[in-house]
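K.L.:
Have a look at this one before I ask anything.
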Amino acid sequence: MEVKTYIGKDNRVRYYYKDINGNNRFGSYPRILMEQKLGRPLEPNEDVHHIDGNPLNNDLTNLTVVQHGKHQQEHSTKYVNTTETCVICGKFFQVTGHKWSRIVADIHRGKNRTLTCSKSCAGKVGDYPNLYNSMERIIEVENLVNKSR
Numbered sequence: 138m139e140v141k142t143y144i145g146k147d148n149r150v151r152y153y154y155k156d157i158n159g160n161n162r163f164g165s166y167p168r169i170l171m172e173q174k175l176g177r178p179l180e181p182n183e184d185v186h187h188i189d190g191n192p193l194n195n196d197l198t199n200l201t202v203v204q205h206g207k208h209q210q211e212h213s214t215k216y217v218n219t220t221e222t223c224v225i226c227g228k229f230f231q232v233t234g235h236k237w238s239r240i241v242a243d244i245h246r247g248k249n250r251t252l253t254c255s256k257s258c259a260g261k262v263g264d265y266p267n268l269y270n271s272m273e274r275i276i277e278v279e280n281l282v283n284k285s286r
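So the sequence shown is numbered by our numbering: it starts at 138 and just counts up by one.
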């Protein structure tokens with residue numbers, strides 16, 4: 138069985154191989170590294186965390202096993218609450234740290250996200266092809282968070 142690795146849209150290292158039936162099987166490369174290190178399969182509620190925050194650094198000294206809930210909590214506190222302006226109607230609205238983490242995750246998955254105040258305004262985004270790029274604002278917010286640490 139030949140295992141191959143690749144970098145997914147979410148900028149994380151994944152692996153794939155063909156099973157005995159010829160079906161493609163996929164998974165998290167850091168997860169199998171940690172399972173080999175521990176000599177046991179990880180439990181479904183266990184995640185592999187990159188200590189330095191770099192998902193491409195899969196050195197075993199940079200990986201640790203954490204409970205899924207704690208892992209989610211740690212990553213959701215990366216962003217701060219901000220006040221934004223809707224690109225459709227101009228209304229001010231709050232974006233929570235949790236919502237920022239979802240927006241960033243969607244963009245890393247290749248989805249085109251635009252900052253809007255409501256589902257109604259989000260539905261109108263397609264009518265305006267040259268809108269403000271959410272990625273620019275995400276970079277600004279990440280810089281703000283890094284300065285406060």
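Quick reminder that beta carbons are idealized off the backbone N, C-alpha and C, glycines included.
1. Got a sec, what are the start and stop residues for the alpha helix (DSSP H) Lys261 sits in?
2. Once DSSP output is grouped into helix, strand and coil, what is the label at Gly206?
3. Going by other Cβ atoms of all chains shown within 10 Å of its Cβ, with 16 needed for buried, is Cys254 buried or exposed?
4. DSSP on Glu180, reduced to helix/strand/coil?
5. With a threshold of 16 other CB atoms inside 10 Å of the CB of Leu252, please say whether the residue is buried or exposed.
6. What residue does the beta strand (DSSP E) around Ile144 start on, and which one ends it?
7. Mapping the DSSP letters down to three states, classify Gly164 as helix, strand or coil.
8. So, are the CB atoms of Val295 and Glu183 less than 7 Å apart?
9. Would you mind sorting Val232 into buried or exposed? The rule is 16 or more other CB atoms within 10 Å of its CB.
10. By DSSP, does Lys155 sit in helix, in strand, or in coil?
P.N.:
In short:
1. Per DSSP, Lys261 belongs to no alpha helix (DSSP H) and is neither H nor E.
2. helix
3. buried
4. coil
5. buried
6. Lys141 to Ile144
7. strand
8. Look at the range of the chain in this structure, 138 to 286, and you will see that residue 295 is not part of it.
9. buried
10. strand
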